[in-house]
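Asks: For the sequence shown, the working numbering begins at 1014 and goes up steadily by one.
All C-beta atoms in this analysis are idealised placements derived from N, C-alpha and C, irrespective of residue type, glycine included.
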Amino acid sequence: MKTVVLGGSGFLGSHAADALTARGHDVTIFDLKPSLYAQPSQRVVAGDILDAEALARALDGAQAVYHFAGLADLDDAGTRPLDTVEQNILGTCQVLDAAVQAGVQRVVFASTIYVYSNLGGFYRCSKLAAELYIEEYQRRHGLDFTILRFGTVYGPRADERNSVWCYLRQGLREGRIVFPGTGEEIREYVHARDAATLSVDILAPEYRNRHVIITGHHPMRVTDLLRMITEMLQKDVRIEFAGAQGNAHYAVTPYSFTPKIGNKLVSNEYVDMGQGLLECLHEIAQEAPDAVGRTARRARSR
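#1: Hey, could you find the ends of the beta strand (DSSP E) T1016 is sitting in?
#2: Once the 5 residues before and after F1254 are set aside, which same chain residues still bring their CB inside 7 Å of it?
#3: When the Cα atoms are used, what is the spatial distance from D1088 to L1063?
#4: Taking the alpha carbon of G1104 as the point to measure from, which residue in E1144, Q1118, T1210 and V1117 has its own alpha carbon closest?
#5: Could you check the C-alpha separation between K1046 and V1058 for me, to the nearest Å?
#6: So which of A1112, K1140 and Q1288 has the shortest CA-CA distance to L1068?
#7: Using the Cα positions of C1293 and K1277, report the straight-line distance between them to the nearest angstrom.
#8: For S1054, count the other beta carbons within 10 Å of its own beta carbon; 16 or more makes it buried, fewer makes it exposed. Which is it?
#9: Just list the alpha helix (DSSP H) runs in the region 1173-1216, keeping only unbroken ones of 4 residues or longer that don't cross its boundaries, in chain order.
#10: So for N1276, helix, strand or coil by DSSP?
#11: So which of Y1136, G1074, V1213 and Q1118 has the shortest CA-CA distance to T1125?
#12: DSSP state of H1038, grouped into three classes?
#13: Determine the closest residue to D1061 out of N1101, R1093 and H1028, with distance taken between C-alpha atoms.
#14: Exposed or buried, which one is H1004 when buried takes at least 16 other CB atoms within 10 Å?
#15: Counting only runs that start and end within the region 1101-1153, where is the beta strand (DSSP E) found for 3 or more residues in a row?
#16: I need the straight-line Cα distance from R1221 to V1235, nearest angstrom please.
#17: In whole angstroms, give me the CA-to-CA distance for Y1268 and Q1299.
#18: Once you ignore the five residues that flank V1117 on each side, which residues in its own chain have a CB closer than 6 Å to its CB?
#19: Could you give the residue range of the beta strand (DSSP E) that holds A1059?
#20: Should S1027 go down as buried or exposed, given a rule of 16 or more other Cβ atoms within 10 Å for buried?
#21: Would you kindly work out how many angstroms separate the C-alpha atoms of T1159 and I1252, rounded to a whole number?
#22: To the nearest angstrom, how far is it from the Cα of Y1263 to the Cα of S1176?
#23: Which class does D1089 belong to by DSSP, given the choice of helix, strand or coil?
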């Protein structure tokens, strides 16, 4: 199957591209920047989803399109509402229009569990609006979809926009971890490779026009995660809790009473949390010397 991964050079998009290639898909990566992880069999095309002509060329002949492109950071979205609208809402409409014109069979959209919440700020607003457009395109044009509502994803290839990456890098480089909360917050962490595997599984017919939740298997307090990191580093690491910030992040659950029902999908085999953290630590430890001096942004609680 010819499959285009929009945003396929990024953290989760690159893992999805790999999982698709492993299943025999003919993968094209479409992104603003070249992929550092592209496999020899994968075609890489530089382009912007806001460029209708470039998008049309990339989707020509495609049977499935994975849409990971856009502004993916909750805190960035909070300070850039107009950019968030342009990239996440207008950009998604451009993708949908191009998909209809190209005769695409399925659009797979990377959304968020924040659509269940009253939190999440402009990021949630943009993802929820994009979901509504996707559903309307299906009703009007018969463009089938699967919406993936991701929880907290961690793993290799992440950067300072990823909360777990920030905790690991702070502990390793600075000897302290600053968390903008109380530590009692609950998350269900899912490894990027597991999330990518499930993202390919949903191409099965039973997930057509469905909303799917992709999170981890087990709820974990942030405090327990940070203690795990300090034990793995085998050195004194100071953990600082900044207290409740009154921000757009949820504490225990993203869910509020809304009718946006989705089915949770988990894999039978999955990456153990400890093994996954070790993998990330090894990657961070191998950063180039000039990257060591960079100050990671304050860790997100996503």
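Replies: This is what the structure holds:
#1: K1015 to L1019
#2: F1192, G1194, T1195 and G1196
#3: 22 Å
#4: E1144
#5: 9 Å
#6: A1112
#7: 26 Å
#8: With fewer than 16 Cβ atoms within 10 Å of its Cβ, S1054 is classed as exposed.
#9: 1176-1187 and 1205-1214
#10: strand
#11: Of Y1136, G1074, V1213 and Q1118, the residue nearest in Cα terms is Y1136.
#12: coil
#13: N1101
#14: Residue 1004 is absent from the structure shown; the chain starts at 1014 and stops at 1315.
#15: 1119-1125
#16: Straight-line Cα distance between these residues: approximately 34 Å.
#17: Note that Y1268 has pLDDT 49, beneath the 50 cutoff, so the model's placement of it is unreliable and the number below is only indicative. Between the alpha carbons of Y1268 and Q1299 lies a distance of about 38 Å.
#18: Non-local C-beta neighbours of V1117 in its own chain, meaning closer than 6 Å and more than five positions away in sequence, comprise A1075 and V1078, ordered along the chain.
#19: It spans R1056 to A1059 - the beta strand (DSSP E) in which A1059 sits, taken as one unbroken run.
#20: buried
#21: 39 Å
#22: Any reading at Y1263 needs caution, since the residue's pLDDT is 47, under 50, leaving its predicted position unreliable; the model's value is listed next. Taking the straight line joining both Cα atoms gives about 14 Å.
#23: helix
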